[in-house]
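Take a look at the structure set out below.
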Amino acid sequence: MGSILEVDDLFVWFGEKEILKGVSLSVGEGDVACVFGSTGSGKTTLLKVVTGVLQELYKGFRVEGDIKVCGLGPLEALRRGLVAYVPQDVYSFFIASTPREELAILGIGKCNCNFDLDRDISKLSDGQLYRFLLYSALASGAKLIAIDEPSSHIDWWSIEEVFEYVKGFAKRSGVAIIVVDHRVDLVKRYCNIFIEIGKNPFECSETPSLRGIDVSKTVISAENIHVVLNGEHILKGANISLGLGEAVAIVGRNGSGKTTLLNTLAGIIKPSSGKVTVYRGKKIFVVPQNPVYWFPSDTVEGVVRLFANRHRFRDCVEDVLEMFGLGNEMHKNVYSLSVGKARLLSLALAYISKADVIIVDEPTLGLDCMARESMLETFNHLIEDGKAILVATHDLDFAMKFPRVYMIDGGVVKQLNGNSN
Amino acid sequence: MTSASCRRALHPIKATVVAIAIAVAVSMLSNIQFLLIILVSAIVLSMSVNLGALAGVAKAVTPLATIYTLFASIIQFVVLGFVDVSTILINILRIATVAMVSISLMSCINISKLLELSYRLSPSLGISLALSVKLLKSLPMQWVFIYKLYRNNLPCNSYLDRVETFVASVKAFLFIALYSSMQSVEAILTRSKILRLDRRR
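Chains as they are written, first to last, in my numbering: chain A, 1 to 421; chain B, 1001 to 1201.
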């Protein structure tokens, strides 16, 4: 089989910082190559370099080494439409207002999508958008398709089917696919080439489960809540409660209404009917899934100091950053952080806020197993301090680490047995 | 397809030209009576095409106008020794008109049609216009979410706290808008069909 991507001794620097060091790889027709590495190890940078996006768009990077896509330089391949890229942060990656309009712009006749193509793109869930981008990249006619973190977006029930489809597509169409993902155990079953960069992400122990302490007081309760947005009935009579010292996970397929439920409990969305009660004087902090970068300053230090001042946080903020693995990022631009590190920064801000309830939408987004482990340990400390943790996730394995789990399906919320049973 | 709240789909080029013409006119005019007439016309125009957008614009413009009035009054008083109410009013009318026209008209434009039509004039113009319209459509909603998120995540115990929260959310929104623009350019670069449209024609 002919080679589509050849990379030899690739080095990438941003200013003085070395991001990629001596990466070499070769991916041929029908191959699926998987790139593994810890959070912030430069996996996304590798994808952006081989697709030519980094060289075309971003200043301040220095790229050395030999890259050939179908025998051409990456920029020439990009201009000829030989590469397609599915990014980790999907929300801004559309030009049109609806999937049908987007397909018309791209000149693609049909899409293997399980949602209404005339729905407003801004109303689609992260996972639905990701699947749409993935299928449109496959149908684009590109010879090299770079896919960034599919398992962070596609739900537990569909991910294997999607990988099976991608693998079969590569074989049938003779395209080369390069996938970056943190779920090493899952993805490696579908790849025939493995590339490892940065620290070894395989060296992870079994991630800890979350403990629950005796619930002292109900801090949030929702009774029979219904949410109708733009004529669509998203939540149908949800009942849920959360006590101080408790960790609860909400799990469901892409587009099932997890984010809507979180935002309703946090008071960001008003329910159409039913009642959400938050115990008086209790603070809630929300870590959103979208936007990933929601910070009011361009440096990590600026962001952390602003939140520390507003929340009258008297401890050393450097220690907090160290605790979340961001000790070396203090003076960096927040937009130069990887998605995983930006999520860790959001969690650090939640810690600084000393909120009674911390709500996190898709906490595993962009995190390797070591970062997940450290996040769960931090959650355990917060629970011991009497805080409440509420997360929404599409990953059933991760949700089962929680003592109490709610499943949302077709707008209906029901309780599952968590790790406590 | 256009926005769900849109009463009628507009011709993309005509709507863009009308929006640009109104924006240019209000930025050049300094007469309160004329500006008021244009604002009333803009409200009627917005209501006729998209009633839903009107409420959204009102929600977005009200806090912005309040903060602007507050800061402009303080700065004028410190620098000039008095507050020039007519200048502040003129600028508020300009902000309201441009926001009203842009958001209402742009939400009723079919982007693929706009891209197709404007591509005939110039591919770069087509992509720039399509991206601008897309950002205009998505940013108001993004703004509302960001403001609510900051109001939730930062303590608001006093009026000063509320102003600080508003300023932080505006800063975050500006960063997000820039980031969204960069992402959109990445999207265009890696969507081969868009770049090759002109070659096909």
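We put the CB at the ideal spot given by N, CA and C, even for glycine.
From the options, residue whose alpha carbon lies closest to that of residue i
i        : options                                   : result
F61(A)   : F11(A), A104(A) and R100(A)               : F11(A)
E318(A)  : R312(A), H311(A), G327(A) and V303(A)     : G327(A)
W13(A)   : S140(A), A84(A) and T45(A)                : T45(A)
S24(A)   : L376(A), L82(A), V391(A) and E196(A)      : E196(A)
I1111(B) : S1027(B), S1138(B) and I1090(B)           : S1138(B)
L1036(B) : N1091(B), L1064(B), L1010(B) and V1049(B) : N1091(B)
F36(A)   : A84(A), C191(A) and H381(A)               : C191(A)
I234(A)  : S125(A), V357(A) and V304(A)              : S125(A)
S1048(B) : S1107(B), L1154(B), R1094(B) and G1081(B) : S1107(B)
F1071(B) : I1038(B), K1014(B) and L1160(B)           : L1160(B)
D395(A)  : W157(A), K123(A) and P74(A)               : W157(A)
R1094(B) : V1078(B), L1029(B) and L1136(B)           : L1029(B)
S221(A)  : T277(A), P363(A) and A371(A)              : T277(A)
P208(A)  : L416(A), D9(A), F398(A) and G15(A)        : F398(A)
L242(A)  : S38(A), K59(A), L82(A) and K387(A)        : K387(A)
F295(A)  : G1081(B), L1039(B) and L1149(B)           : L1149(B)
K1134(B) : I145(A), D120(A) and S136(A)              : D120(A)
K59(A)   : I67(A), K68(A), V49(A) and D66(A)         : V49(A)
M370(A)  : R183(A), I154(A) and D8(A)                : R183(A)
D8(A)    : V32(A), V63(A), I67(A) and K17(A)         : I67(A)
T422(A)  : G281(A), G245(A), R280(A) and L229(A)     : Outside the shown range of chain A (1 to 421) lies residue 422(A), about which nothing can therefore be said.
L54(A)   : L75(A), Y279(A) and D385(A)               : L75(A)
A146(A)  : A348(A), V300(A) and V179(A)              : V179(A)
Cβ-based neighbour list, residue i, same chain, cut-off 6 Å, excluding 5 preceding and 5 following
i        : result
F194(A)  : C34
A96(A)   : E102 and I105
L78(A)   : G52
V1212(B) : What is shown of chain B runs 1001 to 1201, which leaves residue 1212(B) out entirely.
F433(A)  : Chain A is shown from 1 up to 421; residue 433(A) falls before or after that span and cannot be answered.
V412(A)  : K236
S353(A)  : F285 and H311
R1120(B) : none
K143(A)  : I4, C70, L82 and V175
N417(A)  : none
9 Å Cβ cutoff met for residue i and residue j
i        : j        : result
V286(A)  : N1152(B) : yes
T1097(B) : I1022(B) : yes
G274(A)  : H226(A)  : yes
Y165(A)  : N112(A)  : yes
A249(A)  : Y406(A)  : yes
Q1183(B) : S92(A)   : yes
E161(A)  : L365(A)  : no
G28(A)   : S3(A)    : yes
I408(A)  : G257(A)  : yes
F324(A)  : L337(A)  : no
K283(A)  : V357(A)  : yes
V334(A)  : V320(A)  : no
N438(A)  : Y130(A)  : Any property of residue 438(A) remains undetermined from this structure, which presents chain A solely from 1 to 421.
T1066(B) : Y85(A)   : no
Cut-off 8 Å between Cβ atoms - residues of its own chain near residue i, not counting five sequence neighbours on either side
i        : result
N421(A)  : Per-residue confidence for N421(A) stands at a pLDDT of 49, beneath the threshold of 50, marking its modelled position as unreliable; no derived number is given.
I1146(B) : S1169, A1172, F1173 and I1176
S1073(B) : V1083 and I1088
L376(A)  : T207, P208, S209, L210 and K401
T343(A)  : Residue 343(A) is actually Arg in this sequence, not Thr. So the list reads V287, V292, P363, L365, G366 and L367, once near-sequence residues are dropped.
L1054(B) : I1043, S1046, M1047, M1100 and S1104
Y1068(B) : I1088, N1091, I1092 and I1095
S1181(B) : L1131 and L1135
Neighbourhood of residue i by C-beta, 7 Å cutoff - its chain only, sequence neighbours within 5 removed
i        : result
A247(A)  : L210, G212, F379, I383, I389, F402 and P403
D89(A)   : V292 and V339
P271(A)  : I225, H226, V227 and T264
V1018(B) : L1105
P1012(B) : I1109, N1110, K1113, L1114 and L1117
K21(A)   : F11
K167(A)  : V32 and Y190
3 or more residues per run - each beta strand (DSSP E) lying fully within the stretch 250 to 310 of chain A: For the stretch 250 to 310 of chain A, whole beta strand (DSSP E) runs of length 3 or above, ordered along the chain, are 273 to 278 and 284 to 287.
If contact means a Cβ-Cβ distance below 7 Å, which residues of the stretch 47 to 58 of chain A contact chain C? This model lacks chain C altogether; the protein chains it does include are A and B.
Please give the ranges of any alpha helix (DSSP H) in the stretch 323 to 377 of chain A, keeping only runs that are unbroken, at least 4 residues long and fully inside the region. For the stretch 323 to 377 of chain A, whole alpha helix (DSSP H) runs of length 4 or above, ordered along the chain, are 339 to 353.
Please give me, in chain order, every unbroken run of the beta strand (DSSP E) with length at least 3 that falls completely inside the stretch 38 to 83 of chain A. List check, beta strand (DSSP E) in window: 61 to 69.
Taking a Cβ distance cut-off of 8 Å, strictly less, list which residues of the stretch 71 to 87 of chain A are near chain B, in chain order. Answer in chain order: L78, R79, R80, G81, L82, V83, A84, Y85 and P87.
If the cut-off is 9 Å on Cβ atoms, which residues from the stretch 216 to 244 of chain A count as contacting chain B, listed in chain order? Cβ contacts with chain B come from N230 and G231.
Which residues of the stretch 1060 to 1077 of chain B have a Cβ closer than 8 Å to any Cβ of chain A? Give them in chain order. From the stretch 1060 to 1077 of chain B, no residue has a Cβ closer than 8 Å to chain A.
Whole runs of the alpha helix (DSSP H) within the stretch 1062 to 1147 of chain B, excluding any shorter than 4 residues: Counting only runs of 4 or more, we get 1085 to 1106 and 1111 to 1121.
Hey, which unbroken runs of the alpha helix (DSSP H) at 4 residues or more fall wholly within the stretch 1003 to 1040 of chain B? Complete alpha helix (DSSP H) runs here, min 4: 1012 to 1028.
Which residues of the stretch 149 to 162 of chain A have a Cβ closer than 7 Å to any Cβ of chain B? Give them in chain order. Flagged: no residues at all.
Start-end ranges of the beta strand (DSSP E) lying completely within the stretch 85 to 173 of chain A, minimum 3 residues: Within the stretch 85 to 173 of chain A, the runs of beta strand (DSSP E) that reach at least 3 residues and sit entirely inside it are, in chain order, 144 to 148.
Any C-beta of chain B within less than 8 Å: which residues of the stretch 275 to 306 of chain A qualify? So the list reads K283, I284, F285, V286, P288, P291, Y293, W294, F295, P296, S297, D298 and L306, given in the order they occur along the chain.
Along the stretch 1117 to 1133 of chain B, where does the CB come closer than 7 Å to a CB of chain A? Name the residues. Residues of the stretch 1117 to 1133 of chain B with a C-beta less than 7 Å from any C-beta of chain A: A1130 and L1131, listed in chain order.
Chain A contacts made by the stretch 1178 to 1191 of chain B, where a contact means CB separation under 9 Å: Along the stretch 1178 to 1191 of chain B, going in chain order, the ones with a CB nearer than 9 Å to a CB of chain A are L1178, Y1179, S1180, S1181, M1182, Q1183, S1184, V1185, E1186, A1187, I1188, L1189, T1190 and R1191.
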